[in-house]
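Structure first, then comments.
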Amino acid sequence: MGFPFHPRLRPLTILTVIGLVVVLLSSCSRPSPPLIKLGITRWPGGAFLFLAQEKKYFEEEGVRVQLVEFVSTPDAIDAYKAGEIDGMTCSTLDMVKAAEESRRIPQAFIVSDSSNGGDVIMARDDIHRPEELSGARIGCENSHLCKYLLQSALDDAKLSEEQIDIHHITQLAMEDAFRQGEVDALVTRPPVSIRLEREPGVHAIYSSSELPTDILNVIVADKTLIDQQPEAIRSVIRAWERAYKFYTKNPDLAQRMMGQRIGLRPDEFARSLEKIRLVSPEEKEHYFGEDQGLLVSTEDTHRKLCDMGISDRESAVEKLIAPAALTTQP
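Its first residue numbered 31, the sequence shown is counted upward by one per residue in the numbering used here.
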């Protein structure tokens, strides 16, 4: 036995069904948000990407982001060159070298922070200043940033690379190498440097605080992606800025969330942030707008890399900065 049916309801019922079908078909045909794969290391300034992911800001801004974790920046650069990721967190030094070593063009679209003591040379208790590194075994990641910091320290101490013994060690292996006496000093950064501070007698003898404007950290994406998916990149920028604002309003909770992702206690993560200068969303106009602060800084860094013999003077660094129309507009 069927349900009773009133003839007057029939047109309305048909229209309702048609409307539902149209809605369902439109939702099925709507393209899914693009997937952007970003390489990330455990640098505290980049951890705001983890926070944006935890808070689901990427989803809410209409973009899918996969954070691909790497032990070291050189590993992330290799993955970028191989086309395995679309972009990464890195320093402007690494960005310049990635462009020189690849057919791809990385473009910075977010300035996250500048290192002001975060990148550091730590030594055992009988080495107190860079001048005492002569003859020392120094653990150093095979990265351009580590080479730059170490060379800067040697230049200040009037030492040459021939006067030290460099051991190429990944950040992951540095703590064990130091504790087992395989090296006398390390070129390192958080979270490793923060954990090493717990060790008796271990102390910093040189850091990026000696080079406060040199080590600028950015988030880059391949130029092709930026050209083809500008709205997706804007969504990433908005998610990043929301994570930053969440941190300013809820610092304790944010530090706990980000610290967990990079292996530090909340107090340790807070201490790691003291060694960098976070760049607020309000400063993006300075870096990407008329001041061209990012370009000026990158050109200066490039000149220093060239003077050290690390970089190619023919590199055109201006192509490594994303357009202001993309980065400064909401």
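The C-beta atom is built at its ideal place from N, Cα and C for all residues, glycine as well.
Under the three-state reduction of DSSP, phenylalanine 88 is assigned to helix. Per DSSP, the unbroken beta strand (DSSP E) holding methionine 118 starts and ends at 117-121.
Taken through DSSP and simplified to helix, strand or coil, proline 221 comes out as coil. The way I'd put it, the region 252-266 does touch the region 105-123; three or more beta-carbon pairs between them come closer than 8 Å. Arg72 is the residue among Asp108, Arg72, Ile224, Glu90 whose C-alpha sits nearest the C-alpha of leucine 97.
Checking the DSSP bridge columns, you'll see methionine 152 partnered with Leu216, Ala234. The beta carbons of cysteine 176 and valine 217 sit closer together than 8 Å. Around the beta carbon of valine 326, fewer than 16 other beta carbons sit within 10 angstroms, so the residue counts as exposed. Glycine 169 sits in a strand when the DSSP states are folded into three classes. Annotated three-state conformation of valine 326 is helix, per DSSP. One Cα belongs to methionine 287, the other to tryptophan 270, and the distance between them is close to 15 Å. Rounded to the nearest whole angstrom, the CA to CA distance from proline 242 to arginine 225 is 23 Å. Judged by their CB atoms, glutamine 193 and methionine 338 are not nearer to each other than the 8 Å cut-off. Secondary structure note for glutamate 227: it is in no beta strand (DSSP E), with a DSSP letter that is neither H nor E. Excluding sequence positions up to five before and after glycine 169, its CB lies within less than 6 Å of the CB of His197, Ile199, Met204, Ala207, Val213, Leu216, all in the same chain and listed in chain order.
Taking 8 Å as the cut-off, the Cβ atoms of phenylalanine 299 and proline 104 do not count as close. For glutamate 320, there is no enclosing alpha helix (DSSP H), as DSSP gives it neither H nor E. Look at the beta carbons and you see the region 155-166 not touching the region 262-278: under three pairs across the two are nearer than 8 Å. Partner residues in a beta bridge of lysine 314, as assigned by DSSP, do not exist. With a 10 Å radius around the Cβ and a threshold of 16 neighbouring Cβ atoms, alanine 355 comes out exposed. The Cβ-Cβ distance between serine 302 and proline 230 does not fall below 8 Å.
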